[in-house]
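If you're matching positions, the sequence shown starts at 65 in the working numbering and goes up one per residue. Just so it is clear, CB atoms sit at the ideal spot from N, CA and C, and this is done for glycine as well.
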Amino acid sequence: MVAKDNKLVEDVTIEAEFTQINQMEQYFYGDKEKLVDSNSQKIVEFFFNSTGKIQVKKIRGVESPQTTCNFGTQASASNALATLFELDEPPFSLQKPIEILLDFTRRFTSDDDIILDFFSRFRVIIMSQANNRVNTRVLELLPKFKIKKINCWGAI
């Protein structure tokens with residue numbers, strides 16, 4: 065094997081592990097911009113070391129695209145509500161960020177829709193499963209904590 069200016073002078077037969085062969089084919093004949101290894105590290109270059117073994121140059125580290133929307137936090141929602149009502153503390157605890165409400169209404173509603181929030185922090189439905197049946201109870205949070213059983217059973 066003879067190399068001049070970091071290039072092979074003559075064709076050579078390359079022997080490599082199966083995964084490296086696929087990666088090399090994609091690097092030389094496919095889309096090398098999207099080439100990554102099994103750990104999602106970008107492969108930048110293949111080269112021979114001083115003993116003639118094939119080596120891989122990679123960008124160590126992974127760029128992960130954001131997979132969630134940035135809607136703000138409960139703290140930002142608390143501050144916005146407190147400012148809106150000119151209060152020292154927010155009127156509700158655990159409120160939804162305003163950005164998420166705006167995004168959901170833009171995505172899932174039209175101008176003629178009426179939006180009702182049945183879970184606006186005053187009751188929670190508790191469902192438990194036993195003997196292939198669903199037992200449903202409502203936990204009413206206002207004016208005080210109490211559990212009320214709903215007379216309905218649903219078979220699973």
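TODO: Give a yes or no on whether the C-beta atoms belonging to Pro155 and Leu145 are separated by under 9 Å.
DONE: Residue numbering aside, residue 155 sits at position 91 when the sequence shown is read from its first letter. Residue numbering aside, residue 145 sits at position 81 when the sequence shown is read from its first letter. It is a contact, given that the beta carbons lie within the stated cut-off.
TODO: Can you give me the start and stop residues for the alpha helix (DSSP H) that Ile162 sits inside?
DONE: By 1-based counting over the sequence shown, the position of residue 162 is 98. Ile162 -> alpha helix (DSSP H) spans Ile162 to Phe172.
Open item on the list: Counting C-beta neighbours from all protein chains within 10 Å, is the total for Ile178 16 or more, i.e. buried, or is it exposed?
Closed with: Working through the sequence shown from its first residue, we reach residue 178 at position 114. Answer is exposed; the Cβ neighbour count stays below 16.
Open item on the list: Give me the DSSP bridge partner(s) of Ala67.
Closed with: Sequence index remark: in the sequence shown, residue 67 carries index 3 (1-based). The partner list for Ala67 (beta bridge, DSSP) reads Leu72.
Open item on the list: To the nearest angstrom, how far is the alpha carbon of Thr115 from that of Gln130?
Closed with: Residue mapping note: residue 115 aligns to position 51 of the sequence shown, counting from 1. Residue mapping note: residue 130 aligns to position 66 of the sequence shown, counting from 1. C-alpha of Thr115 to C-alpha of Gln130: approximately 42 Å in a straight line.
Task: Alpha-carbon spacing of Phe112 relative to Gln119, whole angstroms - done: Indexing the sequence shown from 1 puts residue 112 at position 48. Indexing the sequence shown from 1 puts residue 119 at position 55. Taking the straight line from one Cα to the other gives about 6 Å.
Open item on the list: Using 9 Å as the threshold, is the C-beta distance between Cys133 and Asp167 below it?
Closed with: Within the sequence shown, numbered from 1, the residue matching residue 133 stands at position 69. Within the sequence shown, numbered from 1, the residue matching residue 167 stands at position 103. Contact flag set, yes.
- [ ] Measure the Cβ-Cβ separation of Phe110 and Lys121 and say whether it is below 9 Å.
- [x] For the purposes of this step, residue 110 is taken as the residue at position 46 of the sequence shown. For the purposes of this step, residue 121 is taken as the residue at position 57 of the sequence shown. Going by C-beta atoms, Phe110 is nearer than 9 Å to Lys121.
Task: Residue range of the unbroken beta strand (DSSP E) whose run includes Gln261 - done: Here the chain covers residues 65 to 220 and nothing more, so residue 261 does not appear.
- [ ] Could you tell me the boundaries of the beta strand (DSSP E) in which Phe111 lies?
- [x] As a working note, residue 111 is residue 47 in the sequence shown. Counting along the chain, the beta strand (DSSP E) containing Phe111 begins and ends at Lys106 to Phe112.
TODO: Measuring alpha carbon to alpha carbon, tell me which of Thr147, Glu150 and Ser140 ends up nearest Pro161.
DONE: The sequence position of residue 161 within the sequence shown is 97, counting from 1. Out of Thr147, Glu150 and Ser140, Ser140 has the C-alpha closest to the C-alpha of Pro161.
TODO: Measure the CB-CB distance between Asp106 and Ile85 and report whether it falls below 9 Å.
DONE: To locate residue 106, count along the sequence shown from 1; it is residue 42. To locate residue 85, count along the sequence shown from 1; it is residue 21. The residue you asked about is not Asp; residue 106 is Lys in the sequence shown. Contact flag unset, no.
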